Amino acid sequence: MRADAQRNHDRILLAAGSMFVDCGIDAPMESIAREAGVGIGTLYRRFPSRQALLLAVLARETATMADEARIALAEEPTRWAALARFTRSMVRQRVSLALFDADHGLRAIDDELARVTLTLWRLLDDIVAGAREEGMLRPDVTPMNLVGIIGMLTRHSAGRAGAAPAASSEQLTDIVLAGLQPRLRPDR
1 MRADAQRNHD RILLAAGSMF VDCGIDAPME SIAREAGVGI GTLYRRFPSR
51 QALLLAVLAR ETATMADEAR IALAEEPTRW AALARFTRSM VRQRVSLALF
101 DADHGLRAID DELARVTLTL WRLLDDIVAG AREEGMLRPD VTPMNLVGII
151 GMLTRHSAGR AGAAPAASSE QLTDIVLAGL QPRLRPDR
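Going by the UniProt record's numbering, the sequence shown runs without a break in its numbering and finishes at 188.
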């Protein structure tokens, strides 16, 4: 792919991901093209349908999440630290977990997306199970809960006029992470 075509492709995916976070998956294609700084024809040449664009964004977002989980596992000393780092990173990057709820069955029809999704779930299973074993995560928290929590935090940061101040999102993330830990019983 030519360098300018690759830049357009990347800009479209970034704009679409941002628009899907802010407006949902029904964001107007014209708005996505405008946000990317390309014409509508360029968008449709690269992605001939909304489904093709959604598939590409899902693949990119899922790969990003898997990479972040892999890095957190490799670099953090505990599974709890990996969980906290992964959560903060996803909220900071505004990864659109709402897309996971609205993938329109695309994971079932795209082998690469299905593969990277399976990889992500295996990594999250490792993080969550390890944090539970360390006694740092409530025993009833599942990987699906973690994804839902990150999704709520992401929607919060996207759902305010513009975006929530970083400090507000960070504070909410800290509060939620504290709530995921088991309650300590006071000595009697």
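Quick reminder that beta carbons are idealized off the backbone N, C-alpha and C, glycines included. This one's a predicted model, so the numbers in the text were calculated from it and none came from an experiment.
By the criterion of a C-beta distance shorter than 8 Å, residue 66 is surrounded in its chain by 116, 119, 120 and 123, once the five residues flanking it on both sides are discounted. Ranked by Cα distance from residue 60, the first of 17, 7 and 131 is 17.
Secondary structure at residue 86: helix, using DSSP grouped into helix, strand and coil. A direct Cα-Cα distance of roughly 22 Å separates residue 73 from residue 154. When DSSP states are grouped into helix, strand and coil, residue 146 belongs to the helix group. Rounded to whole angstroms, the separation of the alpha carbons of residue 178 and residue 113 is 32 Å.
Residue 134 places its beta carbon less than 7 Å from that of residue 80. In terms of Cβ geometry, residue 56 and residue 13 form a close pair [threshold 7 Å].
For residue 19, the enclosing alpha helix (DSSP H) covers residues 3-23. In the three-state reduction of the DSSP assignment, residue 116 falls in the helix class. Boundaries of the alpha helix (DSSP H) around residue 33: 29-36. Here residue 127 has 79, 82 and 83 as same chain residues with Cβ atoms under 6 Å from its own Cβ, once five neighbours each way along the sequence are excluded. Closest by C-alpha distance to residue 10, out of 26, 36, 28 and 27, is 36. One Cα belongs to residue 25, the other to residue 183, and the distance between them is close to 38 Å.
Spatial neighbours of residue 170 in its own chain (CB-CB distance under 7 Å, excluding positions within 5 residues in sequence) are not present.
Counting the other Cβ atoms within 10 Å of the Cβ of residue 142 gives fewer than 16, which makes it exposed.
Using a 10 angstroms sphere on the CB of residue 68, the tally of other CB atoms reaches 16 or more, which defines it as buried.
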